[in-house]
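All remarks here apply to the structure that follows.
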Amino acid sequence: MSGLRILRIGPAASVQDLGRPGLLGQGVSQGGAADPLALAEGAALLRQDPGFAALEMGGMGGEFEAAGPLRIALTGAPMAAALDGEALAWNASHRMEAGQRLSIGAARSGVYGYLHLGGGIATDPLLGARAVHLMAGLGQAAKAGDFLPGGQDQNMETGLALTAEDRFQGGELRIVESFQSHLFPDEVRSRFTATAFSRGSRANRMGIEMVSDGEGFAAAGQLNILSEVILPGDVQMTGDGKPFVLLRECQTTGGYPRIGTVLPCDLPKVAQAQAGAAFRFRWISLEEGLEAQAKSDAAVKALPSACKPLLRDPAAIRDLLSYQLISGAVSADADPFATGETQ
Amino acid sequence: MTSSQEAPAYPLIRRAGLNGLLVSFAGSLSEPSNRAALAFRSAVDALALDGVAETMASLASVFVRFDPSLLPHSVLEARLQDLLTAQDWSLAALPAGRRFWRVPTVYGTELAPQLAEAADAAGMTEAQAIDSLGSARVRVLTIGFAPGQPYLGSLGPEWDLPRQTGLTPKVPRGALVQAIRQFVLFATSAPTGWRHVGQTGLTLFEPEAAHPFALRPGDEMVFEPVSKPDFLKHCQEDSRRGGAIVSEIAA
Numbered sequence: 009m010s011g012l013r014i015l016r017i018g019p020a021a022s023v024q025d026l027g028r029p030g031l032l033g034q035g036v037s038q039g040g041a042a043d044p045l046a047l048a049e050g051a052a053l054l055r056q057d058p059g060f061a062a063l064e065m066g067g068m069g070g071e072f073e074a075a076g077p078l079r080i081a082l083t084g085a086p087m088a089a090a091l092d093g094e095a096l097a098w099n100a101s102h103r104m105e106a107g108q109r110l111s112i113g114a115a116r117s118g119v120y121g122y123l124h125l126g127g128g129i130a131t132d133p134l135l136g137a138r139a140v141h142l143m144a145g146l147g148q149a150a151k152a153g154d155f156l157p158g159g160q161d162q163n164m165e166t167g168l169a170l171t172a173e174d175r176f177q178g179g180e181l182r183i184v185e186s187f188q189s190h191l192f193p194d195e196v197r198s199r200f201t202a203t204a205f206s207r208g209s210r211a212n213r214m215g216i217e218m219v220s221d222g223e224g225f226a227a228a229g230q231l232n233i234l235s236e237v238i239l240p241g242d243v244q245m246t247g248d249g250k251p252f253v254l255l256r257e258c259q260t261t262g263g264y265p266r267i268g269t270v271l272p273c274d275l276p277k278v279a280q281a282q283a284g285a286a287f288r289f290r291w292i293s294l295e296e297g298l299e300a301q302a303k304s305d306a307a308v309k310a311l312p313s314a315c316k317p318l319l320r321d322p323a324a325i326r327d328l329l330s331y332q333l334i335s336g337a338v339s340a341d342a343d344p345f346a347t348g349e350t351q
Numbered sequence: 129m130t131s132s133q134e135a136p137a138y139p140l141i142r143r144a145g146l147n148g149l150l151v152s153f154a155g156s157l158s159e160p161s162n163r164a165a166l167a168f169r170s171a172v173d174a175l176a177l178d179g180v181a182e183t184m185a186s187l188a189s190v191f192v193r194f195d196p197s198l199l200p201h202s203v204l205e206a207r208l209q210d211l212l213t214a215q216d217w218s219l220a221a222l223p224a225g226r227r228f229w230r231v232p233t234v235y236g237t238e239l240a241p242q243l244a245e246a247a248d249a250a251g252m253t254e255a256q257a258i259d260s261l262g263s264a265r266v267r268v269l270t271i272g273f274a275p276g277q278p279y280l281g282s283l284g285p286e287w288d289l290p291r292q293t294g295l296t297p298k299v300p301r302g303a304l305v306q307a308i309r310q311f312v313l314f315a316t317s318a319p320t321g322w323r324h325v326g327q328t329g330l331t332l333f334e335p336e337a338a339h340p341f342a343l344r345p346g347d348e349m350v351f352e353p354v355s356k357p358d359f360l361k362h363c364q365e366d367s368r369r370g371g372a373i374v375s376e377i378a379a
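Quick note, the sequences are listed as chains B and D, same order. Residue 9 is where the first sequence starts when you use our numbering, and the numbers rise one by one after that. Residue 129 is where the second sequence starts when you use our numbering, and the numbers rise one by one after that.
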């Protein structure tokens, strides 16, 4: 079986897929990739199922050795990557041969980078998914010496690239009202969207702290509310009125009040923000929120057709002759860069 | 849609994020509000509406996650409103298939070191506390926070103890902890602000098993006092359940 042996790895790396929706009633939050858009991008680059698992690398990558020939793709927070010392493009798919070494450095912007394998990472599923969910005790962080088995790869294509949406610098977060918004006085709600926030130092796959100058954002009856369901994107106020944006691996229920819910399509910006990144929140109506989410869902579906052949400088390709330069039927007047589609 | 600005008049339906609705029966926990939540969730599941992705009952509410492109908010809200008015849910029968668990429990000793403190706060001797906690038949009110972990209640008003001001750094799996007229039985080893009054050998979550979750909301439990040697013997003979006995509750 082909796959990657982990020779060295950062402390916050784990296998992730789209998680385990449907187990809220059993106390298991969905979990899954902190940046699901990066999963979809990797799947598009490798022409495979967006539900396949990839290795999520928080802050820094690692070093990997191919056990056999395989395809890889690199997405999410851009990191310096090299194959046997030769630089590799990020947001692109590549081929590795047995024994080749891939090294991935620290994130240049953003937090979570993703390493995808052709056929997905085929670790044993638990409760219907491969996503490591540390809070639930499902699986473990990746460590040196681990083997990441590649699934059956149905495809050969590599050398594709995507222009990824820049979600690595903070920005505006659209927020809709939720069932506890009314606990916050109007004044607090307007001040919330008028405030400049930055990502605080407390941040993990469960939630991200937002810090600001001035007073906090307290609800009326802050400490007496009944524990209720938590949704990813909920902005929870702690006892002293500090906001945390909760992510997919948060607890399933909680007793701190939540001022509203960030749109799912804006959550990658939250997860990918480095400490200090600037944020603002903007209230939008349910209708606007549904429209924005639908537009984002459509863009994700269109990712496969947004993949283009990776432009290379032939002079920089050391082993030019090993590349298959003519593949399939090529028409003389076709624009080779017009589409990367293979349906 | 009920405006989130209005003062709550229960039961009420409110939006939860972009793709959820929350049906709440009360702003506080009571036997009728929890009964209503459990029964209503079963009724929503039985509707089997296209576009509903999952449901969950918390202490006094039911959450419904759905796909608004298949099932618009207004349509789902109308269906839930119809269902709400169909009967008095606080008098509804509890879901079928519930089970009764008798769980051997050691109270106090170094295995559950906060019994004395809790008994004191409740104004009882340790022996009285063991009698009281050990004879209470409690219901799984909801499962949450961690996989398979139940909130159990309700205990008598004498057990309406506040949480500790500080956290206990770690209680072991199977720990029975107490506060605010409830127990929580820990599915994993974790920190807690509740007092560790009993220890059981019951495993609540086994991710690799065919049935990974031992408990269902509505199940009932009694934490029967046993001596420490008996407890250890139960754990040795039955490492998964620590001697717990399960039976069906007749509908």
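Glycine included, C-beta positions come from ideal geometry on N, C-alpha and C.
Look up residue 322 of chain D in the DSSP assignment and say whether it is helix, strand or coil. coil
At least one CB of chain D closer than 7 Å to the CB of residue 225 of chain B: is that the case? no
With a 10 Å radius around its C-beta and 16 neighbouring C-beta atoms as the bar for buried, classify residue 306 of chain D as buried or exposed. buried
Pull up the CB-CB distance for residue 37 of chain B and residue 85 of chain B, whole angstroms please, since I reckon it's below 8 Å. Between residue 85 of chain B and residue 37 of chain B the Cβ distance is about 23 Å, and since that is not below 8 Å, they are no contact.
By Cβ distance, which residues of its chain are closer than 6 Å to residue 228 of chain B, with the 5 residues on each side in sequence left out? 191
For residue 257 of chain B, which residues from the same chain have a beta carbon less than 7 Å from its beta carbon, with the 5 sequence-adjacent residues on both sides left out? 37, 39, 141, 143, 213 and 214
Going by other Cβ atoms of all chains shown within 10 Å of its Cβ, with 16 needed for buried, is residue 295 of chain B buried or exposed? exposed
Between residue 34 of chain B and chain D, is the shortest Cβ-Cβ distance under 7 Å, so that the two count as touching? yes
Nearest-angstrom Cα separation, counted from residue 208 of chain D out to residue 94 of chain B: 60 Å
So with CB distances below 8 Å, who are the chain D contacts of residue 276 of chain B? Within 8 Å Cβ-Cβ: nothing; residue 276 of chain B doesn't reach chain D, min ~15 Å.
Going by Cα to Cα distance, which pick from B:184, B:120 and B:211 is closest to residue 201 of chain B? B:184
Beta-carbon separation of residue 289 of chain D and residue 281 of chain D under 7 Å? no
So, is the C-beta of residue 130 of chain D closer than 7 Å to a C-beta in chain B? With a pLDDT of 41 at residue 130 of chain D, under the threshold of 50, the modelled position of that residue is not reliable, and no figure is offered here.
Anything in the segment 177–202 of chain D with a Cβ closer than 8 Å to a Cβ of chain A? List those residues in chain order, please. The chain labelled as chain A is not found among the protein chains of the depicted structure, namely B and D.
The segment 178–206 of chain B: positions lying closer than 7 Å to chain D by Cβ: 184, 185, 186, 187, 189 and 190
Taking only the alpha-carbon atoms, compute the straight-line gap between residue 59 of chain B and residue 235 of chain D and give it to the nearest angstrom. 47 Å
Residue 65 of chain B and residue 21 of chain B closer than 7 Å at C-beta: yes
Helix, strand or coil: how does DSSP classify residue 354 of chain D here? coil
Considering only the alpha carbon of each residue, which of B:23, B:53, B:12 and B:35 lies closest to residue 313 of chain B? B:53
Stretch-stretch touch, CB-based, cutoff 8 Å, three pairs: the segment 253–273 of chain B with the segment 203–223 of chain B: yes
Interface partners of residue 261 of chain B on chain D, CB under 8 Å: 186, 270, 272 and 273
Give every residue of the same chain whose Cβ lies closer than 8 Å to the Cβ of residue 204 of chain D, excluding the five residues on either side of it in the sequence, and list them in chain order. 149, 177, 179, 180, 192 and 194
Taking residue 100 of chain B as the query, report the chain D residues whose CB atoms sit under 8 Å from its CB, ordered along the chain. Correct list: empty, because the minimum Cβ distance to chain D is about 32 Å.
DSSP puts residue 111 of chain B in a beta bridge; with which residues? B:71 and B:90
Since residue 273 of chain B and residue 304 of chain B should fall inside the 8 Å C-beta cutoff, what is the C-beta to C-beta distance between them, to a whole number of angstroms? 3 Å
Here's the rule: buried if 16 or more other CB atoms are within 10 angstroms of the residue's CB, otherwise exposed. What is residue 131 of chain B? buried
Tell me, please, whether the CB atom of residue 320 of chain D is closer than 7 Å to any CB atom in chain B? no
Can you name the residues of chain B whose CB is closer than 7 Å to the CB of residue 142 of chain D? 187
Since residue 283 of chain B and residue 182 of chain B should fall inside the 8 Å C-beta cutoff, what is the C-beta to C-beta distance between them, to a whole number of angstroms? Going by Cβ atoms, the distance from residue 283 of chain B to residue 182 of chain B rounds to 22 Å, so no, they are not a contact pair.
Tell me the rounded alpha-carbon separation between residue 250 of chain D and residue 309 of chain D. 11 Å
Chain B contacts made by the segment 290–302 of chain D, where a contact means CB separation under 9 Å: none
Could you confirm whether any beta carbon from chain D is found closer than 7 Å to the beta carbon of residue 67 of chain B? no
Short of 9 Å Cβ to Cβ, which residues in the segment 9–29 of chain B face chain D? 29
Consult DSSP for residue 338 of chain D and reduce its assignment to one of helix, strand or coil. coil
Mind checking the segment 325–340 of chain D against chain B and listing, in chain order, the residues whose C-beta falls within less than 8 Å of any C-beta there? 333, 335, 336 and 340
From the DSSP output, read off the bridge partner residues of residue 233 of chain D. D:353
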